Amino acid sequence: NVNVTSTNIATPPTIQASNITFSNVASTSMTVGWTNGNGANRIAKINTSNSFTNPTDGSDPTANSVYSGSGEQVVYNGNSNSVSVTGLSANTTYWFRVYEYNGTGTGTKYLTTTATNNPNSQTTSAGSSPTLSVSTLTAFGNQCINGIYGPNSFTITGTNLTTVDITIGALSGFTYSTNSGGNYSSSLTLSQSGGSYSQTIYVKFSPTEVKSYDGNIVVGGGGASSVNCAASGSGVSNPPTVTTPTSANVT
77 NVNVTSTNIA TPPTIQASNI TFSNVASTSM TVGWTNGNGA NRIAKINTSN SFTNPTDGSD
137 PTANSVYSGS GEQVVYNGNS NSVSVTGLSA NTTYWFRVYE YNGTGTGTKY LTTTATNNPN
197 SQTTSAGSSP TLSVSTLTAF GNQCINGIYG PNSFTITGTN LTTVDITIGA LSGFTYSTNS
257 GGNYSSSLTL SQSGGSYSQT IYVKFSPTEV KSYDGNIVVG GGGASSVNCA ASGSGVSNPP
317 TVTTPTSANV T
């Protein structure tokens, strides 16, 4: 007797997914939809160019709808007709291609032909521009030279920032810190993760000459235009020492 094992071998689909469309397009995400072909399942790929490697029969890739930022990536694997893709960059064109397949695991068979609007592309929205703003720094007024005064403070606020460092530029007579009791320096470079940002900057005034030290502390970075925080203070001479004579008893 001869035992014969029967194996069901999948055949490739004959109608490819078509008409890739886009909705809910934002600066970092979009929803991608399509008309299904006649496969039991399908994968969707993303790339920043119209360049895709056809899937290999016998493969069943894991999908991740959060884009890694570069290159070709499978963002969907299933039997539905849409996927929400995130992790995108603003004002960037992305290409998508969908492949129908039958079978599972090592028994998959793909249809690798193109179809109407498959592949197709969409550009993300520009998004809001990065912005920086600063609050008012209280004036130091007239202060005797060779002293250290303050700290006074101001707050930096940022929105839609890139990950470029925030910088606080030097202004003669003033030093800065992110901690009221910390070390003070003539300029600061602050790392930040992008998006929204808020940081209080503490300022000390140290006049060494009799003059006005009025000027602007320039704050920049995060992809935004630089802004000015007005700083004001003047150095004055040390006050005269007043000697009060002691009285003497008169007899």
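Just so you know, the working numbering puts the end of the sequence shown at 327, numbered straight through with nothing missing. Beta carbons: idealized from backbone N, C-alpha and C, even for Gly. Keep in mind that this is a model prediction, so the values were computed, not measured.
With burial defined as no fewer than 16 other Cβ atoms inside 10 Å of the residue's Cβ, what is the status of residue i: buried or exposed?
i: Ser-146; result: exposed
i: Ala-306; result: exposed
i: Val-279; result: buried
i: Lys-287; result: exposed
i: Ala-120; result: buried
i: Glu-176; result: buried
Report yes if the C-beta distance between residue i and residue j is below 8 Å; otherwise report no.
i: Thr-169; j: Thr-199; result: yes
i: Gly-223; j: Gly-309; result: no
i: Ser-229; j: Ala-246; result: no
i: Val-101; j: Ser-204; result: no
Which first and last residues belong to the beta strand (DSSP E) in which residue i is found?
i: Phe-172; result: 169-178
i: Leu-208; result: 207-210
i: Lys-328; result: The question about residue 328 has no answer, for the chain in this structure spans 77 to 327.
i: Val-295; result: 291-297
i: Asn-153; result: 149-154
i: Phe-216; result: First-last for Phe-216: undefined, no H or E at that position.
i: Tyr-143; result: Taken as a continuous stretch (DSSP letters only), Tyr-143 belongs to no beta strand (DSSP E), as it is neither H nor E.
i: Leu-264; result: 264-266
In this structure, what does DSSP give as the bridge partners for residue i?
i: Thr-130; result: First, the residue type needs correcting, since residue 130 is Asn and not Thr in the sequence shown. Bridge partners of Asn-130: none, in fact.
Helix, strand or coil: how does DSSP classify residue i here?
i: Thr-239; result: coil
i: Thr-111; result: strand
i: Thr-138; result: coil
i: Gly-181; result: helix
i: Gln-198; result: strand
i: Ala-102; result: coil
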